[in-house]
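Novice: Terminal number for the sequence shown in the numbering used here: 534, no gaps in between.
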Amino acid sequence: MWRSRPLWLFVGLLTLLWFVSACAQQQQEPQVVERTVVVRETVPVEQTVVVERTVEVPAGGELITLVARCKAGSVEQGRCNNLISAIGAANAWLEEQGDDRRIQVKTIQDNKDWGEYKTEFELAFQAGEAPDIIVSGHEHIGDWAPAGMIVDITDMIGQHPEFEDVIDSLWESTTWNGRIWGVPQDAEARPMYFSKPLLRELGWSDDEIESLRDRVFACEFSWEDMIEVATQAVQQGVVEEGNGWWHRPKNGPDFLYYYYAAGGVIQDEQSGDKLIMEKDALLKVYQLLYDASQERKILSPNLLGTEWPDWHTAVSSAENVLFWFGGSWNWPEWAVNYVADRGGEDYLWENVGFSAIPCLKSGTGKPITLTHPLVYMISTQSEYPDLALLLIAKATTKELNTTYAVESGHLGILKSQADYPPYKAAEFLSEVLPLLEYTTFLPNSPYWSQWSEAYFLGIQSVESGDLTPEEAVQVVIDQVQNELGDNVIIR
Numbered sequence: 044m045w046r047s048r049p050l051w052l053f054v055g056l057l058t059l060l061w062f063v064s065a066c067a068q069q070q071q072e073p074q075v076v077e078r079t080v081v082v083r084e085t086v087p088v089e090q091t092v093v094v095e096r097t098v099e100v101p102a103g104g105e106l107i108t109l110v111a112r113c114k115a116g117s118v119e120q121g122r123c124n125n126l127i128s129a130i131g132a133a134n135a136w137l138e139e140q141g142d143d144r145r146i147q148v149k150t151i152q153d154n155k156d157w158g159e160y161k162t163e164f165e166l167a168f169q170a171g172e173a174p175d176i177i178v179s180g181h182e183h184i185g186d187w188a189p190a191g192m193i194v195d196i197t198d199m200i201g202q203h204p205e206f207e208d209v210i211d212s213l214w215e216s217t218t219w220n221g222r223i224w225g226v227p228q229d230a231e232a233r234p235m236y237f238s239k240p241l242l243r244e245l246g247w248s249d250d251e252i253e254s255l256r257d258r259v260f261a262c263e264f265s266w267e268d269m270i271e272v273a274t275q276a277v278q279q280g281v282v283e284e285g286n287g288w289w290h291r292p293k294n295g296p297d298f299l300y301y302y303y304a305a306g307g308v309i310q311d312e313q314s315g316d317k318l319i320m321e322k323d324a325l326l327k328v329y330q331l332l333y334d335a336s337q338e339r340k341i342l343s344p345n346l347l348g349t350e351w352p353d354w355h356t357a358v359s360s361a362e363n364v365l366f367w368f369g370g371s372w373n374w375p376e377w378a379v380n381y382v383a384d385r386g387g388e389d390y391l392w393e394n395v396g397f398s399a400i401p402c403l404k405s406g407t408g409k410p411i412t413l414t415h416p417l418v419y420m421i422s423t424q425s426e427y428p429d430l431a432l433l434l435i436a437k438a439t440t441k442e443l444n445t446t447y448a449v450e451s452g453h454l455g456i457l458k459s460q461a462d463y464p465p466y467k468a469a470e471f472l473s474e475v476l477p478l479l480e481y482t483t484f485l486p487n488s489p490y491w492s493q494w495s496e497a498y499f500l501g502i503q504s505v506e507s508g509d510l511t512p513e514e515a516v517q518v519v520i521d522q523v524q525n526e527l528g529d530n531v532i533i534r
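1) So for A305, helix, strand or coil by DSSP?
2) Can you name the start and end residues of the beta strand (DSSP E) that A335 belongs to?
3) Starting from the C-beta of G246, find all residues in its chain whose C-beta is less than 8 Å away, skip the five residues before and the five after it, and write them out in chain order.
4) So, at 7 Å on beta carbons, what are the nonlocal neighbours of I502 in its own chain, with the 5 sequence-adjacent residues on each side left out?
5) Rounded to whole angstroms, how far is the Cβ of E339 from the Cβ of I400, which I believe are closer than 8 Å?
6) I'd like to know whether the C-beta atoms of Q330 and P486 end up nearer to each other than 8 Å.
7) Should W367 and Y490 be called a contact, given that it needs their Cβ atoms to be closer than 8 Å?
8) Have a look at T440, L430 and E513 and flag the residue whose alpha-carbon is nearest the alpha-carbon of D584.
9) Can you tell me which residues form a DSSP beta bridge with Y236?
10) Give the secondary structure of S128 by DSSP, where H, G and I count as helix, E and B as strand, and everything else as coil.
11) Per DSSP, W351 is paired with what?
12) Assign A173 to buried or exposed, taking buried as 16 or more other Cβ atoms, counted over all protein chains shown, within 10 Å of its Cβ.
13) Which first and last residues belong to the beta strand (DSSP E) in which L454 is found?
14) To the nearest angstrom, how far is it from the Cα of G406 to the Cα of G306?
15) Identify, in the order they occur along the chain, each residue of the same chain with its Cβ nearer than 6 Å to the Cβ of R222, setting aside the five sequence neighbours on each side.
16) Give me the residue from T439, V505 and S343 with the minimum Cα distance to A132.
17) Decide if V63 is buried, meaning its Cβ has at least 16 other Cβ atoms within 10 Å, or exposed.
18) Going by DSSP in three states, S119 sits in which element: helix, strand or coil?
19) With distances taken Cα to Cα, identify the nearest neighbour of E426 among G171, T150 and R385.
20) Just verifying my parser: in three-state terms, what is the DSSP assignment at D195?
21) So, for I177: in the same chain, excluding its five sequence neighbours on each side, which residues have a beta-carbon less than 6 Å away from its beta-carbon?
22) From I319 to P428, what does the alpha carbon distance come to, in whole angstroms?
23) Do S371 and V475 count as a contact pair if the criterion is CB distance below 8 Å?
24) In terms of DSSP beta bridges, what is Y419 paired with?
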């Protein structure tokens, strides 16, 4: 699908001509001579990057083209671009090892929805046309590792010292069945954002606004408090009905921390790959959302389904929505794409505050967030998994990852970044880093998709008013049992 037949014919012809030339030269001179091959990749697919690079291939050597597939928004292009930037270091390492292979990379990068993106990879794999490297959410390990679609790299990572610098806890997100199946590419957090101007209009002092962050960390300002303040804002006309509090407009990882905050457990030592669904936690989540959307009118019953650009426009202005839950990566996206004409990041610092997701007093009573690391994974259809991992290793450096992190609003993945001046100079990243003390992860389980879809069905049902919280719990339990059978534990 992604490998262009004309390109391979061209490279093959070029290699043949070069080989004939090299053989003739070897008859005249005994030494090995390096030659330069210019590879121009032109692929008629809109999201495919056209790469023009000069790669030095030793006489008798082999030029290997690796294909990398990445999901990336407008400020996340470093996911694939860092692999391109690592080509030189990877080829230098091969030269040092006396390996006459050289690497060239074709990258395919766009921002499809997660479901479409995941399905695309699975269909490509079925067709025998999977990319060598795919960047995706760590939870897909739970699907792709049991299916034999990605490479177990547990015994390979020790060959590259770069991986020793990865923050230890992040490796947890790449494991399944006690083995490692991917390399962390980024990390992030999901803060609660709030509008400073709207809080002032509601009567808050500057001291109250500036102390909100710390009060959230101390659980002195809870999720319940946020709902009460949002209710006041709607009742007093500070915001329109439905704009007191917004969550994301599409299904996604974020909604799981609602369940965690309510005290829900999704896996434990006894459950193994089986997932757990707890009725009490579900009911707390659905009651909270039903109350917010149907009774208090602080959460729009039509929010789900809103297009992302409309959502970003509304929240980033700090003029329309009082509280909203988003991602740390949204900050640079807003600065560049939504409020650049107002002053960019300076405007955000002046008008937008952030903290952890407040504690739910009726649940765990602790602030919370969720980290959803994206990881580099190697397809089992790759003919050169060792070269793919080499390239990933050379992209896993504080220099390349910091450039990506600063541009995209993601947190660093390496221990060395904590003291790396360019990373420390990024004020937002430094300020948001403490949120990781309260982080949680999605489960790496082959059953996560069915669990998540059933759980989200309940969220849709109560926010639209189609079901009461109690009815939603029963519908969700019925669906997840029907989908997963003995692979889900209801309690």
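Where a beta carbon is used, it is the ideal one built from N, C-alpha and C, also for glycine.
Specialist: Once the coordinates are examined:
1) coil
2) Taken as a continuous stretch (DSSP letters only), A335 belongs to no beta strand (DSSP E), as it is neither H nor E.
3) The beta carbon of G246 is closer than 8 Å to none in its chain, skipping five residues each way along the sequence.
4) F298 and L332
5) Per the sequence presented here, residue 339 reads as Arg, with Glu not at that position. Contact flag wrong, Cβ pair sits at about 19 Å.
6) Taking 8 Å as the Cβ cut-off, Q330 and P486 do not qualify as a contacting pair.
7) No. Outside cutoff.
8) Because the chain in this structure spans residues 44 to 534, residue 584 falls outside the shown range and cannot be described.
9) DSSP, once it has assigned bridges, lists W367 and F397 as partnering Y236.
10) helix
11) The partner list for W351 (beta bridge, DSSP) is empty, contrary to what the question assumes.
12) Looking at its Cβ environment, which holds 16 or more other Cβ atoms inside 10 Å, A173 is buried.
13) That residue, L454, is in no beta strand (DSSP E); it is neither H nor E in DSSP.
14) 5 Å
15) D195 and T197, listed in sequence order.
16) T439
17) Residue confidence is low: V63 scores 39 on pLDDT, short of 50, so the model does not pin down where it sits. Its coordinate-derived value is still stated next. V63 comes out exposed.
18) According to the sequence displayed, residue 119 carries Glu and not Ser. Note: E119 maps to coil in three-state DSSP.
19) G171
20) coil
21) R112, F164 and M420
22) I319 and P428: Cα-Cα distance of roughly 35 Å.
23) In this structure, S371 lies closer than 8 Å to V475 by Cβ.
24) V178 and V226
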